[in-house]
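Protein chains in written order, with our numbering: chain A, 198 to 720; chain B, 30 to 217.
Even for Gly, the Cβ is constructed at its ideal location relative to N, Cα and C.
Read the structure below first, then the notes.
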Ligand code: HEM
Ligand SMILES: [Cu+2]
């Protein structure tokens, strides 16, 4: 395509500093985000290994209970804010301008800032591990009054959350500005690829909820150091109010962690089924309704705080309502595969795995949504099983699918298909070995966030631990495949995949630093 | 930056700022909601201004249970004189709580009441209560503290048991900085 001619007369060989530190190029920033996310994935993963090593058998073997609790808290914060969210932002950076036919993100300098805030935020968060009183240990949900007992680490945690929030808000404003203003002529809203749509909606969710989290943690900070009593009963406040504010952010946040994944899968499945996506517009409307509903279901995390009956009923039914648009999506993916001429390259394997295992997580979510049943399930391993099913074989598998799917485009090299398939099957077997038994111990009453447990839970915990070590090791294979592909490999064609459709596949592989300087025309 | 882009950026930033404000706005909203409905079981912490005089409804009895809690690490004993009473709505009831400070120094305590079921809290009127002000206990002091209350006859029929619970908080530190007062009925 003429618009995609190599255009490297400016900064052909920028130095390392210019290329990576002060860069304003969406592709380089995308790469930075993705590499940062991979690093955090391993840091958070190492913490998960500590957790599972301790839970391998009952009793206290390796770590102090306080440190164990720091591990669960830090693992969650790092995986959510350091691994999954930056991975999605990295993908947005790389893909959105290419998918809508724009030359870059709308606000390139802001883009540089959004990324470079993150290493500082996480250095600050990780530094709390070495502080007197230890890293935060009250859970990623930071409920007062427990969280107010955090030692010197407390203000550092709060400020690092502020920084992460600022970074995501800036990133989201950038995404919105890009999508609304940088589209090529002819690319109407309802012609946008689904990844772009899901990100547009995610960006609005982020803009609307991250500030609420910032407010909530600021209130914690002033409660601890400036004698306010937002959440202190002695001063006329109410600790339960924190939970309302937190989950008003928290539930939309879980959709922030999954909507871009829906977008990714909606690209991969049609490509390998060699059929257009079934029900494009219903996908867009389903995404929008999920986003809307996500604001009115938050108290399903709080069924046990003593809400009146009407509250329980409202939040129970509104939560179940979300299953409807989610079901529409699953239906559409299956309908897309129906009678397609399917092949199962690694991205497709991960995408199909996503559809099946994410749906399993959705089912356990529905069980938790039944208010009377949740009194039994709440704060047990059943909840842990639920959210890991939607987040690991859900969000993380989608991110890996995206990695395999677009890596040949980004690097110009095909990854090693055999190793990719190994990575998929090992991950799938081990992820289920890790998280499936958690349903059983959860139903039997094993509480979450404890370093020790009663004897009857031993077998399932040992299985989960073995699964998690296997899963952790398998991810080293992923890192290996990615670096191998960056360094070399079979040359990828421009279209890369036979069934691939969309503007990004019309560009050379790898694309030159500047693409679509002259916007393409969409028929 | 083009005008259109600037508008998008300004609008999005405005939403972000507004939502930060909304996070704080949730605090008064929550307070007001809870005060109107009593959803979270918070009852008036100041005495009901006008005298509550009702015609006692001798045909109906409601069980009132009394609970006493201490916030953690408070070296006190705190308990109700009686754990349970059968009362007629509209009757004026007096009961006592006893507290002992085991510490060798003075402690300022503040009791925070809570009524279950939450929706009954609007119909539970405390005429006199040690929770209306903070309570200074000298070293090793023991004291009986009365509670006078009336259950409103308008209490919904289906409520048969009301639990009144108090939690004592050590507010010695904050109390010495600023005198501890509840200017507005604390809800939230
Ligand atoms: C059909 C859709 C879903 C339903 C009905 C649902 C329902 C629920 C309910 C009721 C809880 C609270 C359980 C408890 O604490 O007792 C919960 C927890 C959770 N869900 Fe879901 N969920 C759904 C989808 C998702 C998705 C897509 C994600 C993220 C990608 C997610 C992530 C989480 C997380 C992280 C928690 C636990 C939070 C915590 O306490 O740490 N859920 N879910
Ligand atoms: Cu939720």
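Of all the CB atoms in chain A, is at least one closer than 7 Å to the CB of residue 34 (chain B)?
Yes, residue 34 (chain B) counts as interfacial toward chain A.
Would you mind sorting residue 205 (chain A) into buried or exposed? The rule is 16 or more other CB atoms within 10 Å of its CB.
Any reading at residue 205 (chain A) is ruled out, since the residue's pLDDT is 45, under 50, leaving its predicted position unreliable.
I want to know whether the segment 278 to 292 of chain A touches the segment 230 to 248 of chain A - three or more CB-CB distances under 8 Å.
Yes, the segment 278 to 292 of chain A touches the segment 230 to 248 of chain A.
Flag residue 126 (chain B) as yes if its beta-carbon sits less than 7 Å from any beta-carbon of chain A, otherwise no.
No - not a single Cβ of chain A is within 7 Å of the one on residue 126 (chain B).
Report the option in A:256, A:579, A:238 and A:680 whose CA atom is closest to the CA atom of residue 652 (chain A).
Comparing C-alpha distances from residue 652 (chain A) to each of A:256, A:579, A:238 and A:680 shows the shortest one belongs to A:256.
Please confirm if residue 505 (chain A) has its CB atom under 7 Å from at least one CB of chain B.
At least one beta carbon of chain B lies nearer than 7 Å to the beta carbon of residue 505 (chain A).
Closer than 7 Å, CB to CB, is residue 49 (chain B) near chain A or not?
Chain A places a beta carbon closer than 7 Å to that of residue 49 (chain B), counting this residue as a contact.
Less than 7 Å between the C-beta atoms of residue 331 (chain A) and residue 263 (chain A), yes or no?
Annotated as proximal: residue 331 (chain A) and residue 263 (chain A), with beta-carbon spacing under 7 Å.
Could you tell me the alpha carbon to alpha carbon distance between residue 523 (chain A) and residue 402 (chain A), rounded to whole angstroms?
Spanning the two alpha carbons is a distance of roughly 17 Å.
Cross-strand partners of residue 138 (chain B) (DSSP beta bridge)
Residue 138 (chain B) pairs with B:164 and B:199.
Chain-ordered chain A contacts of residue 45 (chain B) [CB-CB under 7 Å]:
Near residue 45 (chain B) (Cβ distances below 7 Å), the residues of chain A are 366, 404 and 408.
Would you report the Cα separation of residue 688 (chain A) and residue 329 (chain A), rounded to the nearest angstrom?
As the crow flies, the alpha-carbon of residue 688 (chain A) is around 53 Å from that of residue 329 (chain A).
Interface residues of chain A facing residue 198 (chain B) [CB-CB closer than 9 Å]
What residue 198 (chain B) touches in chain A: 429, 430, 431 and 432.
Which of helix, strand or coil does DSSP assign to residue 289 (chain A)?
Correct three-state label for residue 289 (chain A): helix.
When the Cα of residue 359 (chain A) is compared with those of A:424, A:430 and A:410, which residue comes out closest?
Nearest of A:424, A:430 and A:410 to residue 359 (chain A), Cα basis: A:410.
For residue 78 (chain B), is the classification buried or exposed, using 16 other Cβ atoms within 10 angstroms of its Cβ as the cut-off for buried?
Summary for residue 78 (chain B): the model assigns pLDDT 48, below 50, so the residue's position carries little reliability, and this model does not support an answer.
Decide if the segment 420 to 434 of chain A is in contact with the segment 184 to 202 of chain B; the criterion is three or more beta carbon pairs, one per stretch, under 8 Å apart.
The segment 420 to 434 of chain A vs the segment 184 to 202 of chain B: in contact.
Is any heavy atom of ligand 1 found at a distance shorter than 6 Å from the C-beta of residue 398 (chain A)?
Answer for residue 398 (chain A): no, Cβ out of range of ligand 1.
Is there at least one non-hydrogen atom of ligand 1 closer than 6 Å to the beta-carbon of residue 587 (chain A)?
The answer is yes for residue 587 (chain A).
Give a single yes or no on whether residue 448 (chain A) has its beta carbon closer than 6 Å to a heavy atom of ligand 2.
Yes, the beta carbon of residue 448 (chain A) sits closer than 6 Å to at least one heavy atom of ligand 2.
Enumerate in chain order the residues of its own chain whose CB-to-CB distance from residue 532 (chain A) is below 8 Å, with the five nearest sequence positions on each side excluded.
If we look at residue 532 (chain A) and ignore the five residues flanking it on each side, its Cβ neighbours are 475 and 476.
DSSP-derived helix/strand/coil call for residue 115 (chain B):
Note: residue 115 (chain B) maps to strand in three-state DSSP.
What does the alpha-carbon distance come out to for the pair residue 104 (chain B) and residue 219 (chain A)?
Approximately 58 Å, taken between the alpha carbons.
State the beta-bridge partners of residue 130 (chain B) as determined by DSSP.
Checking the DSSP bridge columns, you'll see residue 130 (chain B) partnered with B:105.
Helix, strand or coil at residue 625 (chain A) [DSSP, three-state]:
Residue state, collapsed to three classes: helix.
Per DSSP, what are the beta-bridge partners of residue 507 (chain A) in this structure?
Residue pairing of residue 507 (chain A) in beta bridges, as defined by DSSP: absent, with no partner found.
Per-residue contacts from residue 378 (chain A) into chain B (C-beta, under 8 Å):
Those are 31, 33, 34 and 37, listed as they occur along chain B.
Do residue 135 (chain B) and residue 167 (chain B) have their C-beta atoms closer together than 7 Å?
In contact: residue 135 (chain B) and residue 167 (chain B) (Cβ atoms closer than 7 Å).
Proximity test, Cβ basis, 7 Å: residue 370 (chain A) and chain B
Chain B contact via Cβ: present.
Residue 157 (chain B) - containing beta strand (DSSP E), residue span:
From DSSP, the beta strand (DSSP E) with residue 157 (chain B) extends over 153 to 157.
Taking residue 97 (chain B) as part of the beta strand (DSSP E), name the residues at either end of that continuous run.
It spans 91 to 99 - the beta strand (DSSP E) in which residue 97 (chain B) sits, taken as one unbroken run.
At a threshold of 6 Å, does residue 442 (chain A) count as lining ligand 1 (C-beta to nearest heavy atom)?
Relative to ligand 1, the beta carbon of residue 442 (chain A) is positioned no closer than 6 Å to any heavy atom.
How close, in whole Å, do the beta carbons of residue 552 (chain A) and residue 589 (chain A) come, if the pair is a contact with beta carbons under 8 Å?
Not really, about 14 Å apart at Cβ, beyond 8 Å.
C-alpha gap between residue 144 (chain B) and residue 154 (chain B), whole angstroms:
Cα to Cα, residue 144 (chain B) sits roughly 11 Å from residue 154 (chain B).
Selection of the segment 238 to 268 of chain A by Cβ proximity to chain B, strictly under 9 Å
Within the segment 238 to 268 of chain A, no residue places its CB atom closer than 9 Å to a CB of chain B.
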